[in-house]
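Before any comments, here is the structure.
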Amino acid sequence: PEHADINHHWFYRVRLHVPVVTRPAVRFHCDGEAVHMAAGEAWLFDNWRLHRVENPTPHERIHLVADTTGSAQFWNLARHAGLTPDTVPQFDAARPLPLLLEQAERPAVMPPAEVDLLLGDLCAELVSIATPEPDEARVRALVALLSDFRRDWRQLHALLGEGEAGRPRFVALRDRLRETARPAAAGLAMRTNRVGAMQVLEARLLHALLREERRGTAPSSAPASAAAPIPVLQHPLLLIAAPRSGSTLLFETLAASTRVATVGGESHELIEGLPELRPGAPGVNSNRLEARQATPGCISQLRERFAAALVDAAGRPLGASPTARLETLRLVEKTPKNALRIPFLERVFPDARFVFLWRDPRENLASIVRAWQSGRWKTYNGLAGFDGPWSLALPPGWRALSGRPLIEIAAFQWQAVNQVALQDLRALDPARWVAVEYRTLVAQPRLVIERLAAFGGLLQADGTLDAGLAHRLAAPLPASRQTLAPADPDKWRELESEIDSVLPALLATWQELRALPPLF
91 PEHADINHHW FYRVRLHVPV VTRPAVRFHC DGEAVHMAAG EAWLFDNWRL
141 HRVENPTPHE RIHLVADTTG SAQFWNLARH AGLTPDTVPQ FDAARPLPLL
191 LEQAERPAVM PPAEVDLLLG DLCAELVSIA TPEPDEARVR ALVALLSDFR
241 RDWRQLHALL GEGEAGRPRF VALRDRLRET ARPAAAGLAM RTNRVGAMQV
291 LEARLLHALL REERRGTAPS SAPASAAAPI PVLQHPLLLI AAPRSGSTLL
341 FETLAASTRV ATVGGESHEL IEGLPELRPG APGVNSNRLE ARQATPGCIS
391 QLRERFAAAL VDAAGRPLGA SPTARLETLR LVEKTPKNAL RIPFLERVFP
441 DARFVFLWRD PRENLASIVR AWQSGRWKTY NGLAGFDGPW SLALPPGWRA
491 LSGRPLIEIA AFQWQAVNQV ALQDLRALDP ARWVAVEYRT LVAQPRLVIE
541 RLAAFGGLLQ ADGTLDAGLA HRLAAPLPAS RQTLAPADPD KWRELESEID
591 SVLPALLATW QELRALPPLF
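By this note's numbering, the letter at position 482 of the sequence shown is numbered 572, and the numbering carries on one by one without gaps.
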């Protein structure tokens, strides 16, 4: 993953990665440092740190991942540096050991000891990332707020225990922290991975304080189904763009709105998790999906999967939200592959509106090439008819690119995705879609977001932006989490000769894009 693993874990657990590979070792990147993981090695993993794994071969790798509490013997072993293979017990197939599994159910209310240690861990990582000067007073204020919560939670637990009768008071205490911490956490992040403090607080603590509200679960009293309308899925706003067009920046900006719900990222797994929609399934030879593939059963499953994954701007799951709150939220979704699926998505979300973001091909091609070279965006390994792994979206006709130079593959992706998207959008009612150029978004972000918020129904009743969007736009837009290098509109010139060799074939499509009706 390119983001921090901030899911909740018990405070005393450790995560182990054991790569099981027979080919050259994979590269493990942590905090900018690349090291190698060899077959059979077991690694202790720090969940705070940003990380990613590269596999510079066409061969698949397998990682066995275990979360363990660890016995005293285990932790004594882990504390010693410079261990040699002779000091570590080796696996012996003739001496099978039973797999130890948890037997105890999670407590209905998180014990105060765990709250103390989780918040102590978080407070130790807090730093101010405000500009131009860090605001250390804000760090101290949030630490004091969290300390007060720890004491109140401990007292309430001592008075009420875990009985159902006391549950409303635990809920009220948790929700009060959520509301007071949000403004206090603005401009604060984790020292190690720069993830926002409020996002970490939500994911690590608030979601897990009460058992049935764990991330990804919905109470049985409010099942998600296509038969019962789900307010958040009415009139969704779908962002359509070729890979590396700047859609992450647009998505992260809109997702700051308190009137927006998302699936927490991109929808690759939600869609391709259905076997019939995955490349290689009968009638599916690429990421292209058409209306005929949107069968009633498929539509029902997808709407349920989307509904179960919904979170709000603070990362809180919406499964337990009252209907009145859901009525005020609008789904915003961004996955570059979905630019090849507009007819399909139009069947799944028949009242959707579409925002088509496009980018100057010279800048876009340079970004696509760098994404392939980085190895961070591999989407398919072992495609029949293509030599090596494939990165980013998979348009129809991809097999013809096997063995071709990378710049030609990038040009094919830009041209194919933009042409398919243009064709499909023009088949819709013109009132259901708008287009915006990436350069316009960067040059005039507030004006662009105001127009898109009006188009997508995200404005407040008085016609203004909500507090989340207003705060996001109060300063220059930050780089998106998918950015590989600092923004520079002329960076493409590093590949100018290669881009010039393919640009003539793209000029007609580029002209079509420039001729689209402007957003304002």
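Note that the Cβ used here is the ideal one computed from N, Cα and C, for glycine as well.
At a Cβ-Cβ threshold of 8 Å, arginine 452 and isoleucine 589 count as neighbours. Under the three-pair Cβ rule at 8 Å, the segment 247-267 does not count as touching the segment 207-214. By a beta-carbon distance limit of 8 Å, proline 326 does not contact glutamate 417. Their separation comes to about 14 Å.
Take leucine 379, set aside five residues on each side of it, and the residues of its chain with a beta-carbon closer than 6 Å to its own are Arg431, Phe434, in chain order. The three-state secondary structure of alanine 551, taken from DSSP, is coil.
Cβ contact annotation for tryptophan 243 (same chain, cutoff 7 Å, sequence separation greater than five): Pro202, Val205, Leu263, in chain order. A contact is defined here as three or more CB-CB pairs under 8 Å, and the segment 221-241 fails this definition with respect to the segment 251-259.
Isoleucine 330 carries a strand assignment under DSSP once its states are collapsed to helix, strand and coil. Following the DSSP letters along the chain, one finds histidine 561 inside the alpha helix (DSSP H) bounded by residues 557-562. With contact defined as three or more Cβ pairs closer than 8 Å, the segment 422-431 and the segment 506-518 are in contact. Measuring C-alpha to C-alpha distances from threonine 282 to each of Gln324, Thr385, Val217, Trp582 identifies Val217 as the nearest. Under the three-pair Cβ rule at 8 Å, the segment 269-276 counts as touching the segment 285-301.
The beta carbon of alanine 483 sits closer than 8 Å to those of Ala332, Pro333, Asn377, Pro426, Lys427, Ala429, Leu430, Thr469, Gln503, Val507, all from its chain and outside the five residues before and after it, given in chain order. For the pair glycine 478 and serine 464, the Cα-to-Cα distance works out to about 14 Å.
Sorting Arg382, Val422, Ser335, Arg393 by C-alpha distance to the C-alpha of threonine 352 places Val422 at the top. Nearest neighbour of arginine 536 by Cα position, chosen from Leu207, Leu344, His247, Val155, turns out to be Leu344. The C-beta separation of leucine 491 from isoleucine 497 comes to about 11 Å, leaving the pair out of contact by the 8 Å criterion. With a cut-off of 8 Å on Cβ pairs, the segment 547-565 is in contact with the segment 345-364, counting three or more such pairs.
By the beta-carbon neighbour count (other beta carbons within 10 angstroms, threshold 16), valine 155 is exposed. Check the Cα spacing between leucine 134 and each of Glu144, Arg169, Ala533: the tightest is with Arg169. Taking one beta carbon from each stretch, the segment 438-454 and the segment 516-524 have 3 or more pairs nearer than 8 Å; the two touch. Rounded to whole angstroms, the Cβ separation of serine 481 and tryptophan 467 is 5 Å, and the two are in contact under 8 Å. Counting the other CB atoms within 10 Å of its CB gives leucine 249 a total below 16, which places it among the exposed residues. Taking C-beta atoms as the reference points, tryptophan 462 and phenylalanine 476 fail to come closer than 8 Å. Contact annotation: leucine 447 and valine 526 have beta-carbon atoms nearer than 8 Å. Looking only at Val592, Leu400, Val438, the smallest Cα-Cα distance to alanine 384 is reached by Val438. The closest CA to that of alanine 404, considering only His153, Val538, Ala198, Arg272, is found on Arg272. For valine 401, the closest C-alpha among the options Gly354, Arg415, Ala501 is that of Gly354. Separation of histidine 358 and leucine 596 (C-alpha to C-alpha, rounded to the nearest whole angstrom) is 28 Å. Apart from the 5 residues on each side of it in sequence, arginine 196 sits with its Cβ closer than 6 Å to the Cβ of Arg301 in its chain, given in chain order. DSSP lists no bridge partner for tyrosine 528. Cα atoms of leucine 515 and arginine 259: separation of roughly 50 Å, rounded to the nearest angstrom.
Here the alpha carbon of histidine 149 sits roughly 29 Å from the alpha carbon of threonine 338.
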